Amino acid sequence: MAPARVVTVTEGRQANRFKVPQVQLADSAVAGRINRRIVALVLSGETDSRLSVRQQLRQAERTCCFDAEGGRGWQTVGQGLTGCDYSVLLNQQGLLSIEYSQEFTGAYSWEQALHVTFDLRTGRQLALADLLADPPAQLTRRMHGAISRRFGETLAGMGNEADSAVITTVAERFSWDWTAKRVRFQSDAGPAEEARASEPDLESFALTPHEVRLYYERMLPHVILNFEPDNTYHFPYARVQPRGLLVPVAAKATQVKLK
């Protein structure tokens, strides 16, 4: 199947404040299904879906940045969702995987990156189980190990950059077990009163031509956000069990690696 043609729709009084992707396919109904879902995700479902994409972007900008009640008119910064952008991570073999970012402004500004993958034949948003045959419990255990290793490395590297109070705060936010040298997750055995870290969300994933990416984010307070570990975990196709539309993508990755 041919890749989708992806075009950018941009709106905003500030240049390129709001950007969303829209796909063009031979089947316009499938393209429409994908495009509506993308807009709903990127704009958090807070605009009128009956409007055109550009009208929804204008509505989002007005919501964040036009002060009607205070009479101050258009604001340079705004509040709430104040911008969005995207990148295409995979567009081949009937699969489209997109990373979209949202910028928020409140007491301070922050960004978050989220991901969505579509079947270009049907327009359906895919779950990880549609693409990998690995049992979810096994993937979760692998993520537990990878998260604990990375966070242990983060703590070890903080010795020369932070005082003991900051190190303790970061360890507590990640439910770090100093004795076992690992993160305590909600599914782990132990006393009910122990603080537990949230489980990795296996639906927070993306595809590239070479790997599956899983994500785990535990946002720290703004003042120590620089100690947040990298939240991306890389699983080359050779280390997982691709299924369905992902099989030819994985096969192509293997062929490229052998050359």
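Each residue of the sequence shown is one higher than the last, beginning at 11 in the numbering used here.
Glycine included, every Cβ here is placed at the ideal spot set by N, Cα and C.
Nothing here was measured: the structure is a model prediction, and the numbers come from that model.
Practice problem: Return the first residue and the last residue of the alpha helix (DSSP H) that H154 is part of. | Solution: Counting from 1 along the sequence shown, the entry for residue 154 is found at position 144. Following the DSSP letters along the chain, one finds H154 inside the alpha helix (DSSP H) bounded by residues 146-167.
Quiz item: Can you list the alpha helix (DSSP H) stretches of 4 or more residues lying completely in the stretch 38-121, in chain order?
Solution: Scanning the stretch 38-121 from its first residue to its last, the whole alpha helix (DSSP H) runs of 4-plus residues come out as 38-52, 63-75.
Quiz item: So L105 packs on L130, CB below 8 Å; how close in whole Å?
Solution: As a working note, residue 105 is residue 95 in the sequence shown. As a working note, residue 130 is residue 120 in the sequence shown. Rounded, the Cβ-Cβ distance is 7 Å, consistent with contact.
Self-check item: Between the CA atoms of S214 and R206 - distance to the nearest angstrom
Solution: Counting from one through the sequence shown, the residue named residue 206 turns up at place 196. Counting from one through the sequence shown, the residue named residue 214 turns up at place 204. So the two alpha carbons sit approximately 20 Å from each other.
Quiz item: If you draw a straight line from the C-alpha of A172 to the C-alpha of V193, how long is it?
Solution: On the sequence shown, residue 172 is found 162 positions in, with the first residue counted as 1. On the sequence shown, residue 193 is found 183 positions in, with the first residue counted as 1. About 20 Å.
Quiz item: Among the residues of its own chain, which have a CB less than 7 Å from the CB of D77, if the five just before and after it don't count?
Solution: Against the sequence shown, residue 77 aligns to sequence position 67. Excluding positions up to five away in sequence, the list reads G83, Q85.
Quiz prompt | Where the alpha helix (DSSP H) containing T179 begins and where it ends | solution = Mapped onto the sequence shown, residue 179 falls at position 169. Looking at the DSSP string, the run of the alpha helix (DSSP H) that includes T179 is 174-183.
Quiz item: Taking the alpha-carbon positions, what's the L230 to T150 distance?
Solution: Here residue 230 corresponds to residue number 220 of the sequence shown, with the count starting at 1. Here residue 150 corresponds to residue number 140 of the sequence shown, with the count starting at 1. Roughly 22 Å separates the two Cα atoms.
Practice problem: Just the C-alpha distance for A202 and S208, rounded to the nearest angstrom, thanks. | Solution: For the purposes of this step, residue 202 is identified with residue 192 of the sequence shown, where counting begins at 1. For the purposes of this step, residue 208 is identified with residue 198 of the sequence shown, where counting begins at 1. C-alpha separation (whole angstroms): 14 Å.
Quiz item: Under 7 Å, do D144 and V19 count as touching if we go by C-beta distance?
Solution: As a first step, residue 144 must be located in the sequence shown, where it is residue number 134. As a first step, residue 19 must be located in the sequence shown, where it is residue number 9. Cβ distance not < 7 Å, so D144 and V19 don't count as in contact.
Quiz item: With burial defined as no fewer than 16 other Cβ atoms inside 10 Å of the residue's Cβ, what is the status of G93: buried or exposed?
Solution: The sequence position of residue 93 within the sequence shown is 83, counting from 1. Buried is the call here.
Quiz item: Is L67 near L138, with beta carbons less than 7 Å apart?
Solution: Counted from its first residue, the sequence shown places residue 67 at position 57. Counted from its first residue, the sequence shown places residue 138 at position 128. Not a contact, by the Cβ cut-off of 7 Å.
Exercise. Could you give the DSSP three-state label for K191: helix, strand or coil?
Key: Along the sequence shown, one-based indexing puts residue 191 at 181. Residue state, collapsed to three classes: coil.
Quiz item: How close, in whole Å, do the beta carbons of S111 and Q103 come, if the pair is a contact with beta carbons under 8 Å?
Solution: Numbered from 1 along the sequence shown, position 101 holds the residue referred to as residue 111. Numbered from 1 along the sequence shown, position 93 holds the residue referred to as residue 103. At roughly 25 Å, the Cβ-Cβ gap does not stay under 8 Å, so S111 and Q103 are not in contact.
Quiz item: Going by alpha carbons, who is nearest to V233 out of Y118, Q32, L165?
Solution: The residue you call residue 233 lines up with position 223 of the sequence shown. Looking from the CA of V233, the closest CA among Y118, Q32, L165 belongs to Y118.
Practice problem: Please name the residue in R60, S62, A181, L91 whose C-alpha comes closest to that of R72. | Solution: One-based indexing of the sequence shown puts residue 72 at position 62. Taking only the C-alpha atoms, the option nearest R72 is L91.
Quiz item: Bridge partners of R15, per DSSP?
Solution: Start at 1 with the first residue of the sequence shown, and residue 15 comes out as number 5. For R15, which the question treats as bridged, DSSP gives the partners Q34.
Practice problem: Return the residue from the list L224, L53, R152 that minimises the CA-CA distance to T127. | Solution: Position 117 of the sequence shown holds residue 127. Checking every option, the nearest Cα to that of T127 belongs to L224.
Quiz item: Is T218 near L124, with beta carbons less than 7 Å apart?
Solution: Within the sequence shown, numbered from 1, the residue matching residue 218 stands at position 208. Within the sequence shown, numbered from 1, the residue matching residue 124 stands at position 114. Not in contact: T218 and L124 (Cβ atoms no closer than 7 Å).
Quiz item: If you count every other CB in all the chains shown that lies within 10 Å of the CB of S54, and 16 or more means buried, which is it?
Solution: Mapped onto the sequence shown, residue 54 falls at position 44. Residue environment: S54 is assigned as exposed (fewer than 16 neighbouring CB atoms within 10 Å of its CB, all protein chains considered).
Quiz item: Can you find at least 3 beta carbon pairs, one from the stretch 234-241 and one from the stretch 156-172, that sit closer than 8 Å?
Solution: yes
Exercise. Return helix, strand or coil for V126, following the three-state DSSP convention.
Key: In the sequence shown, the residue the question calls residue 126 occupies position 116. If DSSP states are grouped into helix, strand and coil, V126 belongs with the strands.
Quiz item: In this structure, what does DSSP give as the bridge partners for P246?
Solution: What you label residue 246 is simply residue 236 of the sequence shown in a count that begins at 1. Paired residue(s): E221.
Quiz item: Leaving out the 5 sequence neighbours to the left and right, which residues in its chain are closer than 7 Å to Q89 when beta-carbon positions are compared?
Solution: Counting from 1 along the sequence shown, the entry for residue 89 is found at position 79. If we look at Q89 and ignore the five residues flanking it on each side, its Cβ neighbours are C74, T115, G116.
Quiz item: How would you call D58, buried or exposed, if buried means at least 16 neighbouring beta carbons within 10 angstroms?
Solution: For the purposes of this step, residue 58 is identified with residue 48 of the sequence shown, where counting begins at 1. D58 comes out exposed.
Quiz item: Does the beta-carbon of V222 have 16 or more other beta-carbons within 10 angstroms, so that it is buried, or is it exposed?
Solution: Translated into the one-based positions of the sequence shown, residue 222 becomes position 212. Buried, since its Cβ has 16 or more Cβ neighbours within 10 Å.
Quiz item: What is the rounded straight-line gap between the Cα of A12 and the Cα of D37?
Solution: What you label residue 12 is simply residue 2 of the sequence shown in a count that begins at 1. What you label residue 37 is simply residue 27 of the sequence shown in a count that begins at 1. When rounded, the distance between both Cα atoms is 12 Å.
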